[in-house]
Each structure stands twice: as C-alpha cells, then as structure tokens.
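Written below as structure tokens is the structure these notes are about.
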Amino acid sequence: RDNMVTRAEDRVQRGHGFAIVDEVDSILIDEARTPLIISGAGTKSAETYKDFAKAIPRLRDGVDFELDEAKRTVAPTEEGIRRMEQALGIDDIYADPSGQLVNHLQQALKAEFLFKRDVDYVVKDGEVLIVDEFTGRLMVGRRYSEGLHQALEAKERVSVREENQTLATITLQNYFRMYDKLSGMTGTAITEDKEFRDIYNLPVMLIPTNRPMVRDDRNDLVYRTVTAKFNAVADDIAERNKAGQPCLVGTISIENSERLSRLLQKRGIKHNVLNAKFHEMEAHIVAQAGRLGAVTIATNMAGRGTDIILGGNAEFLWEEIVRERGVQPEEATEEQRESALAEAKRICAEEHVRVVEAGGLTVIGTERHESRRIDNQLRGRAGRQGDAGVSQFYLSLEDDLMRLFGGDRMERIGGFMQKADIPDDMPIQAGLVSKAIESAQRQVEAMNFAARKHVLEYDDVMNKQREVIYAERQRVLDGKDIHDRVTEMMGDVVASNVLTFCPERTYAEDWDWDGLAAWYHELTGLPFDAETERTEHDNAHLLAEALTERALAAYAEKEQQLGPENLRDLERQVMLRVIDTRWMDHLQEMDYLKEGIGLRAMGQRDPIVEY
Numbered sequence: 050r051d052n053m054v055t056r057a058e059d060r061v062q063r064g065h066g067f068a069i070v071d072e073v074d075s076i077l078i079d080e081a082r083t084p085l086i087i088s089g090a091g092t093k094s095a096e097t098y099k100d101f102a103k104a105i106p107r108l109r110d111g112v113d114f115e116l117d118e119a120k121r122t123v124a125p126t127e128e129g130i131r132r133m134e135q136a137l138g139i140d141d142i143y144a145d146p147s148g149q150l151v152n153h154l155q156q157a158l159k160a161e162f163l164f165k166r167d168v169d170y171v172v173k174d175g176e177v178l179i180v181d182e183f184t185g186r187l188m189v190g191r192r193y194s195e196g197l198h199q200a201l202e203a204k205e206r207v208s209v210r211e212e213n214q215t216l217a218t219i220t221l222q223n224y225f226r227m228y229d230k231l232s233g234m235t236g237t238a239i240t241e242d243k244e245f246r247d248i249y250n251l252p253v254m255l256i257p258t259n260r261p262m263v264r265d266d267r268n269d270l271v272y273r274t275v276t277a278k279f280n281a282v283a284d285d286i287a288e289r290n291k292a293g294q295p296c297l298v299g300t301i302s303i304e305n306s307e308r309l310s311r312l313l314q315k316r317g318i319k320h321n322v323l324n325a326k327f328h329e330m331e332a333h334i335v336a337q338a339g340r341l342g343a344v345t346i347a348t349n350m351a352g353r354g355t356d357i358i359l360g361g362n363a364e365f366l367w368e369e370i371v372r373e374r375g376v377q378p379e380e381a382t383e384e385q386r387e388s389a390l391a392e393a394k395r396i397c398a399e400e401h402v403r404v405v406e407a408g409g410l411t412v413i414g415t416e417r418h419e420s421r422r423i424d425n426q427l428r429g430r431a432g433r434q435g436d437a438g439v440s441q442f443y444l445s446l447e448d449d450l451m452r453l454f455g456g457d458r459m460e461r462i463g464g465f466m467q468k469a470d471i472p473d474d475m476p477i478q479a480g481l482v483s484k485a486i487e488s489a490q491r492q493v494e495a496m497n498f499a500a501r502k503h504v505l506e507y508d509d510v511m512n513k514q515r516e517v518i519y520a521e522r523q524r525v526l527d528g529k530d531i532h533d534r535v536t537e538m539m540g541d542v543v544a545s546n547v548l549t550f551c552p553e554r555t556y557a558e559d560w561d562w563d564g565l566a567a568w569y570h571e572l573t574g575l576p577f578d579a580e581t582e583r584t585e586h587d588n589a590h591l592l593a594e595a596l597t598e599r600a601l602a603a604y605a606e607k608e609q610q611l612g613p614e615n616l617r618d619l620e621r622q623v624m625l626r627v628i629d630t631r632w633m634d635h636l637q638e639m640d641y642l643k644e645g646i647g648l649r650a651m652g653q654r655d656p657i658v659e660y
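Quick note on numbering: the sequence shown equals residues 50 to 660 in my numbering.
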C-alpha cells in the first residue's frame, strides 16, 4: 500500500528492521502459497460465468475432463471442449483473442469438481466465504483470484461480483524476506525445519517444556469405513462422558463436525459445535472445553495457542453465573461481579480435581490432516503445562488422506482386513498402518513444499521487477531530481519519435513530414511547418535536437505561468499515475504468461527460465 500512495507523508512503514512472528509456521508456511493482493475494480463478465456454470455439470468425469484430486487439478479433454462449445454456442473457445473464455472454462471446472461447499467455502447471507483450510475460520473479505470466486458464486447461484484487477501483489515469503532480521515462535516447527532453512535461512531451535509432559498419545485406530469410524468416535465420547472426562474432538471439515453432532444428539449427549458457521462463540466455547463432562466438536480453529484449563475458566464462567442471576455482565455492579467470580472459582476448583481424577482432557482426532503439524497442534490442546491428558486419532480407509496418498500399503491393509473378514466396527492398530499414514503425510508435505517453492520461484522473478519499479516510484514520490528526469525523458521521446517518422539511411524527401508535424503539435501544442522544416533539415539527429530545444523552451514558459512548485507537483502526480497504470497492466500480462508457461517444459525448456 505504501507503493500506491501519491504523497510521501501518506507512507506508514518505516523500513524493515526486525520482525518477530507469532505462530510463525502458520504465517510463513501455511499462508505462503497465498499471495497478498490489493485489487481494484476490473472487468464485468458475470453473465459469462453464469453460462459456464449452467453447462459444466453435464460433463462426465474421465470422458469430458480428467480430475486428479491428489494434485487438485482438473483439465478438459477434446471431447469436453467440444461439448462446452456446443452448449454455449461458441465456434472455437480458443479463438477468443483475450484468452478469457479458456480461463472461464478452467475456473468453472475447478468450482464444480474440486471445490466443495462446507469444506472449502460456505455460503452465508448470499455470499461465498472462503474457509481457511488450516484454522477452519471464515476468511471474511478475502476472495479467490483469477475468476475462481466468480465461478463459485455462479455455481451457488448467488450474485456474481465483478472481477478485480490486481493493483499490487507480493507473497508473504518475499515480504518477510525484506526484513534485516527475522525470527518467530511456535510449538510445531520441527517438522518444517528444512523449509525454514531453505527459504528463510532460519534454523529451528527446540526449547524444552516448562513442566514434564505426561500426556498419553495413543496409536491410531483404523476402521474400514467412515461410518464405522464415526460410530466408534461417538461411542468413545459417550463412555468418557459418563466418567465426566471432557472431550475435544477435532474434525477436518464443517460437514464432518455436523455429522458427528447428529450422532451425539441421537445418544443424548450435550455438546458444543465450533466451526466456521458458529465461530462467534469461539473464545467462550474453547475456554470451557475443560469442564467436567464437556464435549466440544471443533474444526481446526480450536487448534492454535489456546490454553484449555481443566475444570473450566473462571474468567468466562462468572459471566454465565451473573446471567443466571438475571443481570447482564456489562451491567453488573462491582459487588455482583466479585460474588459471581468467587462462585466461579469455587466451581472450577472442584471440577478441576474431578477432571484430573477422570484422566484430564481427551483430544480425539477424526481424521489425519495433510500436515503432521496440524495433528500435533490438535494433540497439544491436551496435557498442557504438565496436566494429565489423552490423545487418540480415529481413521478409516475411506479418508481422503488414505484414499489419495495411501498407495500400495493402504491397498494391502484394506486387502488384509477383507481377507481376515474383520468386521467394520473392529479397528486395527499396527506399526504398518502408522508407517503408511506417516508416509502419506510426508508425501503431501513434500508436495505442498514443492508448490510453495514453485510460487516463490515465480514471485522471485516478479520481486526483482517489483524492487526496480518501487524504487523508481519512491524516487518520484520523494521528488528527487524529478524535473531533470522529465526534461531528459522529453529529449528521449522526441528523439525516438523523430526516428520513427524519419528513419535512418533514408532520404529527407521520403520522410513522413505530415505524420511528424501532427505528432509534434499534439505533444507540445507548438506550430510545425512541414515545408519550412523540410528545407532546413536533412539530418534526423539534428532535427531531433532542434525540436527538443523548442519543446524545452515551451515547457520553461509553462513553468513561468504555473509556478515551479505547482509544476513539480503536477510532474510527480503524472509520473506516479503512469508508473501505476503500466505496472498494473504488467502484472496482468505476467499473470497470463504464468498460466501457460508450464507447457515450455514439453519442449525440454525450464519454464521458470523462460518466464
């Protein structure tokens, strides 16, 4: 944003000295694939998105398009393109000179077949809102770029907002690499040690825990089907609930949290659901997740940095007590507050003893996440500060991670379970299973690391250009030698245009004198008599010098009329506007270039070098 201001005093950053990043893995790794974009109004093509959204569902997997869920890619086949052209009444989708129709097709395919409602996004109050895959929270105000968000809006039949044009962009990786010194803290960095070293040149140091860790991390239980897995989770919760042991259950999507909630309702177990649809109560629900018999179902959002106190949190509980006494917390007197807080502390202390006797907080994972770090964060909710606690993951062979990345090992395990006639509700617990899961997670982590590195390589190219353009812009903004630059440019512009109309190694009578006269008059407002000039000049370079002198004299006269200060201000504003509009166009060109540059690999050329 500092590189978009038009007055030097509007800048807010004061250099990049030293940054300390909290939850550093979330910011520098999870968020690294997401470029930060400042955008403005762009093109209007809502109807085209709607037309594509209507036609896309008729396409058949494997015939009209090829889907790779593991790599999250989808591509149309020749047959699919033909069907779409017929459905939309287009002769040739690739004949569109802007290339927009091909992009519409690509984004519509992604929206229909890769992005799932209540997993990747939710529809709330007629708006498509992105769900953060790492925290489970809604990313209000953020939109997918390149037309994907519009394709999702068209798919869900809500109002399609016009596309935005990128005004400025940078990745978090390159932003934080601008700092002279960079550091951070998190409880889950050791699995990403290589990435921190490779990309940010940051070694990871392990700091021992404050108190000894006594949490009981149990081996994963693997079931054949998702249904059997969720039934087992519900049974385990019911069992622990009877003993008063609090349970925090982590799910990977809103859909799964609602599915488990229905199973618990059938069993008559009181519970709280915390997902992107009900995130307003987050702090309150998480604070009380350690109370006697509490059951909390949460998507990834409860994963980070929250201390769940065994027995409950008196700071939150007193508000409930005051409400039960018929007073709103904000209206309570000091005396009412003190009395409620004392009562809350007594209840929490009593419950703390009973919860510890029951075994502390149990954390149950209903699926392994793609990243081991996210699993470790969920585990880390239990057994904090030396408390007692248990963690247990329930998995099934139908889970996405197993299905997409499990490979031969998982097939062998599935085959063994079938051969041995193991019933659906009987889990297996074996070293082979744990190894297969870890190998699947490593595979996904390596793939995601490659994707982040890939984004960074392309952004590094942009970064060099960004540094040059922004340094140029800062010079203009600070008004340094701006007048000298303008006069220098004037000479360059006149010289290059004179050579366009009066090419070298040609005779003066063959020059385009009328074209030159029209151009020069439009640029300077000065008279240009082609006949007179023709008799006086037969050397293009001398002609350019003469025309430059006249232009500079006219400019000096303008300066007298307006006053030097006003003209400097005008020069600065015009130059900034030109830099900004050209830079925006350049960003768009580079985006289009990046879309197809991968095809250069087919010609045995390195796409990044070509880019």
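Don't be surprised by glycine CBs; every beta carbon is placed ideally from N, CA and C.
Since this is a predicted model, take the numbers as computed values, not measurements.
> Apart from the five residues on each side of it in sequence, which residues of its chain come closer than 8 Å, Cβ to Cβ, to TYR224?
Replying inline: Excluding its 5 nearest sequence neighbours in each direction, TYR224 has C-beta neighbours in its own chain below 8 Å: LEU85, listed in chain order.
> Between ALA338, ASP79, ARG192, which lies nearest to ALA431 when the distance is taken from Cα to Cα?
Replying inline: Distances from the alpha-carbon of ALA431 to those of ALA338, ASP79, ARG192 put ALA338 closest.
> With 16 other CB atoms within 10 Å as the buried threshold, where does ARG683 fall?
Replying inline: Because the chain is modelled from 50 through 660, residue 683 falls outside the range shown and cannot be assessed.
>> Can you tell me which residues form a DSSP beta bridge with PHE114?
In response: PHE114 is bridged to ASP110, PRO125.
> If you compare alpha carbons, which of ARG82, ILE219, ASP110 is closest to GLU516?
Replying inline: With distances taken between Cα atoms, GLU516 lies closest to ILE219.
> Alpha carbon to alpha carbon, how far is SER194 from ALA391?
Replying inline: The straight-line gap from Cα to Cα measures roughly 52 Å.
>> Going by the DSSP bridge assignment, what does LEU323 pair with across the sheet?
In response: Its beta-bridge partners are ALA347.
> Hey, out of ASP284, ILE301, HIS333, whose CA is closest to LEU312's CA?
Replying inline: Of ASP284, ILE301, HIS333, the residue nearest in Cα terms is ASP284.
> Helix or strand or just coil, what does DSSP make of GLY352?
Replying inline: The predicted model places GLY352 with a pLDDT of 49, which falls under 50 and marks its position as unreliable, so this point remains unresolved.
>> What residue range does the alpha helix (DSSP H) around ASP71 cover?
In response: Not the alpha helix (DSSP H): ASP71 falls in the beta strand (DSSP E), residues 67-71.
>> Quick check on GLU134: does DSSP put it in helix, strand or coil?
In response: DSSP places GLU134 in helix when its eight states are reduced to three.
> Using the C-alpha atoms, what's the distance from ALA144 back to ARG308?
Replying inline: ARG308 and ALA144 have their C-alpha atoms some 47 Å from each other.
> From this set, ASN280, VAL322, ARG316, ALA292, which residue's C-alpha is nearest GLY299's C-alpha?
Replying inline: In terms of Cα proximity to GLY299, the closest of ASN280, VAL322, ARG316, ALA292 is VAL322.
> Based on Cα-Cα distance, which residue from LEU572, MET188, HIS153, ALA437 lies nearest to ASP169?
Replying inline: Comparing Cα positions, the closest option is MET188.
> Do you know offhand how far GLN653's Cα is from GLU659's?
Replying inline: Rounded to whole angstroms, GLN653 to GLU659 spans 11 Å at the Cα level.
> Given a threshold of 16 other Cβ atoms within 10 Å of its Cβ, counted over all protein chains shown, does GLY185 qualify as buried or as exposed?
Replying inline: It is buried - the Cβ of GLY185 has at least 16 other Cβ atoms within 10 Å.
> Just checking my contact of ASN180 with LEU201 at CB under 8 Å: how many whole Å lie between their CB atoms?
Replying inline: Residue 180 is actually Val in this sequence, not Asn. Beta-carbon to beta-carbon, VAL180 and LEU201 are separated by about 12 Å, too far to satisfy the 8 Å threshold.
> How long is the line joining the alpha carbons of SER483 and THR83, rounded to whole angstroms?
Replying inline: Between the C-alpha atoms of SER483 and THR83 there is a straight-line separation of about 31 Å.
> Can the beta-carbon of SER445 be found closer than 7 Å to that of VAL282?
Replying inline: The answer is no: Cβ separation not under 7 Å.
>> Extract the residue ranges of the alpha helix (DSSP H) inside the region 378-424, only unbroken runs of 4 or more that lie entirely within it.
In response: Complete alpha helix (DSSP H) runs here, min 4: 383-406.
> What separation, rounded to the nearest whole angstrom, lies between the Cα atoms of VAL504 and ALA485?
Replying inline: Note on geometry: alpha-carbon atoms of VAL504 and ALA485 lie some 29 Å from one another.
>> Quick test of your reading: GLU506 and ILE657, contact by CB under 8 Å. State the CB separation rounded to the nearest angstrom.
In response: With 8 Å as the limit, GLU506 and ILE657 qualify as a contact, their Cβ atoms being about 5 Å apart.
> Among GLU580, LEU611, MET539, ALA160, which residue has its Cα nearest to the Cα of ARG599?
Replying inline: Of the candidates GLU580, LEU611, MET539, ALA160, the one whose C-alpha sits nearest the C-alpha of ARG599 is MET539.
> Residues in its own chain within less than 7 Å of ILE239 by CB, not counting five upstream and five downstream?
Replying inline: Result list for ILE239: VAL253, LEU255, in chain order.
> Quick one, are the C-beta atoms of ARG340 and GLU400 less than 7 Å apart?
Replying inline: The answer is yes: Cβ separation under 7 Å.
> CA-CA distance, TYR641 and ASP509?
Replying inline: Rounded to the nearest whole angstrom, the C-alpha separation of TYR641 and ASP509 is 17 Å.
>> Between ASP242, THR237, ASP436, which has its C-alpha nearest ILE358's C-alpha?
In response: The option with the nearest alpha carbon to ILE358 is ASP436.
> How many Å lie between PRO472 and GLU447 at the Cα?
Replying inline: Just so you know, the alpha carbons of PRO472 and GLU447 end up roughly 15 Å apart.
>> Assuming CYS397 and ALA343 are in contact, meaning their beta carbons sit under 8 Å apart, how far apart are those beta carbons, in whole angstroms?
In response: Not really, about 12 Å apart at Cβ, beyond 8 Å.
> What is the residue span of the alpha helix (DSSP H) that VAL376 lies within?
Replying inline: No alpha helix (DSSP H) contains VAL376, which DSSP labels as neither H nor E.
> Sorted by chain position, which residues of the same chain lie with C-beta nearer than 6 Å to GLN156's C-beta, five sequence neighbours on each side aside?
Replying inline: Result list for GLN156: GLY196, LEU197, ALA200, in chain order.
> PHE245: which of GLY463, ILE76, GLY612, ASN615 sits nearest, CA to CA?
Replying inline: The shortest Cα separation from PHE245 among GLY463, ILE76, GLY612, ASN615 belongs to ILE76.
> According to DSSP, is PRO84 helix, strand or coil?
Replying inline: Correct three-state label for PRO84: strand.
>> Rounded to whole angstroms, what is the Cα-Cα separation between ASP474 and MET633?
In response: MET633 has its alpha-carbon roughly 58 Å from the corresponding atom of ASP474.
>> Going by DSSP, what residue range makes up the alpha helix (DSSP H) through GLU176?
In response: Counting along the chain, no alpha helix (DSSP H) covers GLU176; the unbroken beta strand (DSSP E) around it starts and ends at 176-179.
> In angstroms, rounded to a whole number, what distance separates the CA positions of ILE346 and ILE286?
Replying inline: Whole-angstrom Cα-Cα distance: 11 Å.
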